[in-house]
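In the numbering used here, the protein residues as written are 282 to 724. No residue lacks a Cβ here, since even glycine has one placed at the ideal position from N, Cα and C. Keep in mind it's a predicted model, so treat the numbers as computed, not measured.
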Amino acid sequence: MQDQIISALNILWDIIEHWWWVFLPLILYPRAKFFWLYGRGEAWNLAQKSVLLEIRMPQEVLKPIRAMEQVFSAIWGNILDPPDRWEKWIEGKSLLSVQIEIVSLNGEPHLYLRVHESRRAAVEASIYSQYPEAEISMADDYTKKVPQDIPNKDWEMWGTDYMMSKEDVYPIRTYSKFFEEQSEAKEEKRIDPMATLLEGLGIFGPGEQLWIQIAAKSILNSKKPEEGQQFFKRGRAVADKLAKRPEKAKAKSILLEAAGELITGKPPGAEEKKDELKIESLLPVEARMTPGEKDIVAGVEEKISKRMFECYIRFIYLAKRDVYSGGAKAVPFGHFQQFATENLNALVPLGRTLTKIKKHLLFPPANLVRLRRLFVRKRRLFFRYIKRMPPLFPKPGGTFLLNSEELATLFHFPGHTVAPAPAVSRVESKKGEAPPGLPIEEE
282 MQDQIISALN ILWDIIEHWW WVFLPLILYP RAKFFWLYGR GEAWNLAQKS VLLEIRMPQE
342 VLKPIRAMEQ VFSAIWGNIL DPPDRWEKWI EGKSLLSVQI EIVSLNGEPH LYLRVHESRR
402 AAVEASIYSQ YPEAEISMAD DYTKKVPQDI PNKDWEMWGT DYMMSKEDVY PIRTYSKFFE
462 EQSEAKEEKR IDPMATLLEG LGIFGPGEQL WIQIAAKSIL NSKKPEEGQQ FFKRGRAVAD
522 KLAKRPEKAK AKSILLEAAG ELITGKPPGA EEKKDELKIE SLLPVEARMT PGEKDIVAGV
582 EEKISKRMFE CYIRFIYLAK RDVYSGGAKA VPFGHFQQFA TENLNALVPL GRTLTKIKKH
642 LLFPPANLVR LRRLFVRKRR LFFRYIKRMP PLFPKPGGTF LLNSEELATL FHFPGHTVAP
702 APAVSRVESK KGEAPPGLPI EEE
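1. Taking DSSP's pairing of strands, which residues face V379 in a bridge?
2. Output the distance between the C-alpha atoms of R515 and L631, rounded to the nearest integer angstrom.
3. Could you give the distance in angstroms between the alpha-carbon of R633 and the alpha-carbon of M444?
4. So, is Y310 buried or exposed, given that buried needs 16 or more other C-beta atoms within 10 angstroms?
5. Let me make sure I understand the geometry here. Which of V303, L635, Y605 and I453 has the alpha-carbon closest to that of F485?
6. Tell me the DSSP bridge mates of M438?
7. CA-CA distance, L652 and Q494?
8. Return the Cβ separation of L625 and Y451 in integer angstroms, given the expectation that the two are a contact with Cβ distance under 8 Å.
9. Rounded to the nearest angstrom, how far is the Cβ of M589 from that of I500, given a contact under 8 Å?
10. Do Q329 and the ligand MG come close, with the Cβ less than 6 Å from some heavy atom?
11. With DSSP collapsed to three states, give me the class of I638.
12. Is V342 helix, strand or coil when you go by DSSP?
13. So which of K522, D442, S706 and T698 has the shortest CA-CA distance to L628?
14. Using 7 Å as the threshold, is the C-beta distance between S354 and H397 below it?
15. Mapping DSSP to helix, strand and coil, what is L333?
16. Of the choices V342, K601, L599 and V379, whose alpha-carbon is the least far from that of P726?
17. Look up F681 in the DSSP assignment and say whether it is helix, strand or coil.
18. Can you tell me which residues form a DSSP beta bridge with G590?
19. State the DSSP-derived secondary structure class of Y393, mapped to helix, strand or coil.
20. Given that a residue counts as buried once 16 or more other Cβ atoms are within 10 Å of its Cβ, and exposed if not, what is S706?
21. Taking DSSP as the reference, what is the three-state secondary structure of L361?
22. Between V404 and chain D, is there a C-beta pair that is closer than 7 Å?
23. Check whether the Cβ atoms of K610 and Y598 sit closer than 7 Å, and answer yes or no.
24. With a threshold of 7 Å on Cβ separation, who are the neighbours of P364 within its own chain once the five nearest residues in sequence on each side are excluded?
25. Using a Cβ-Cβ cut-off of 7 Å (strictly less than) and excluding sequence neighbours within five positions of K504, which residues of its own chain qualify?
26. Beta carbon of A384, beta carbon of W492: below 7 Å?
27. Considering only their Cβ atoms, is the gap separating I336 from I417 smaller than 7 Å?
28. Figure out for me which residue from W436, R669, S410 and R395 has the closest Cα to the Cα of A420.
29. What residue does the beta strand (DSSP E) around I417 start on, and which one ends it?
30. Near E687, what residues of its chain come up, given a Cβ to Cβ distance below 7 Å and the 5 sequence neighbours on each side ignored?
31. On the DSSP bridge list, what partners appear for Q510?
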């Protein structure tokens with residue numbers, strides 16, 4: 282027996298020794314592909330120019346939140362530009378994105394939008410089409426006004442990225458669930474999820490900052506990864522499973538059907554027809570579903586029917602060490618909890634980037650490097666924020682799907698009546714054009 286094992290190992294070694302070059306490309310291909318696309322992508326990103334726009338909200342917003350959903354539907358088309366194979370593999374081009382950034386700088390709330398320079402005019406037009414009283418202007422990058430090596434001896438920080446608690450085809454709680462929105466709903470009757478956040482942004486003092494970043498990338502329902510995802514197929518599969526709809530029978534080859542008929546003596550499809558008769562004799566699927574199950578199926582089907590974005594969300598609280606408050610993170614945590622539902626979906630912290638590392642009870646030696654690991658995690662999160670990188674960059678992952686309605690729920694313009702936070706800067710006077718018949722004095 283031992284001689285047989287040694288003989289087999291010798292044969293295996295001979296194969297490796299003489300044919301290793303055949304297997305080497307197969308082993309190296311995944312890594313080579315990653316580094317090639319990473320290198321080309323970095324070169325393309327360095328050549329792009331983005332602009333940071335600051336938005337001042339109107340004093341009163343009479344339009345429903347659905348107006349912001351229309352804005353995001355327009356932005357979806359503004360930034361959609363999927364690369365072809367040459368652009369992806371040779372030029373390094375990737376899908377364009379827009380970053381929504383809600384920020385408190387020393388207690389002063391600011392709303393920013395970061396877009397590709399070539400898409401600025403189109404994005405501004407999309408906003409003005411629904412909110413003509415808003416003001417949009419160029420702004421300096423606020424992330425450059427703090428030390429670029431936080432945390433350090435003077436500054437401390439705390440933050441996390443977010444993820445979905447369930448599969449991302451399940452929707453989060455949207456504005457339509459906060460109140461029954463009508464076409465002419467009065468502003469004072471709205472329950473606005475942005476009001477809590479805007480009020481919270483004003484509680485910070487000198488030396489404290491809170492940064493919230495929502496990045497959105499337009500995607501298609503496509504098999505090609507450079508264009509999007511097959512979210513419609515995934516959503517339909519989830520809805521069908523919840524609704525207990527029968528799965529479509531997979532097509533069998535003629536040879537398999539002939540072999541089955543010879544073995545069983547039954548024509549092809551006989552069993553399937555019996556099953557269909559049994560199902561038809563029962564109540565309709567919808568009649569056997571609970572009200573909660575119907576709501577889930579309706580929510581999933583509605584989500585995948587709208588314009589979809591691939592997103593990531595994160596926040597960072599940073600402050601000088603003498604004013605740093607560990608309780609400040611309650612503001613963003615409380616804000617994102619508003620969109621959680623037990624039966625559908627919720628935004629929860631991504632454990633891999635959360636700036637908290639638990640102490641090991643079963644393996645105490647690991648605690649010796651806990652502080653070092655925590656420092657590295659904080660520095661990495663800060664770097665990815667200021668560079669506007671995905672949560673797990675350069676690796677894929679950490680993103681999820683949100684549609685235009687969900688994005689509008691997370692970011693919109695509440696009026697002063699429902700969000701009277703005094704620290705929020707708003708446009709004081711309405712804009713208007715001169716009357717058409719107004720005489721003009723010529724010099």
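Straight from the coordinates:
1. A497
2. 22 Å
3. 10 Å
4. exposed
5. Y605
6. L599
7. 26 Å
8. 5 Å
9. 6 Å
10. No copy of the ligand MG occurs in the structure displayed, which carries no ligand at all.
11. coil
12. coil
13. D442
14. no
15. strand
16. No answer is possible for residue 726: it lies beyond the span of the chain, which begins at 282 and ends at 724.
17. strand
18. Strictly speaking, residue 590 in this sequence is Phe, with Gly absent from that position. Partner(s): S499 and L683.
19. strand
20. exposed
21. coil
22. This model lacks chain D altogether, as it is built from one protein chain only.
23. yes
24. K374, S375 and E507
25. Q511
26. Here the sequence assigns Val to residue 384, which means Ala is not the residue at that position. Against a cut-off of 7 Å, the Cβ pair of W492 and V384 comes out as a contact.
27. yes
28. R395
29. E416 to M419
30. P452, I453 and T455
31. N502
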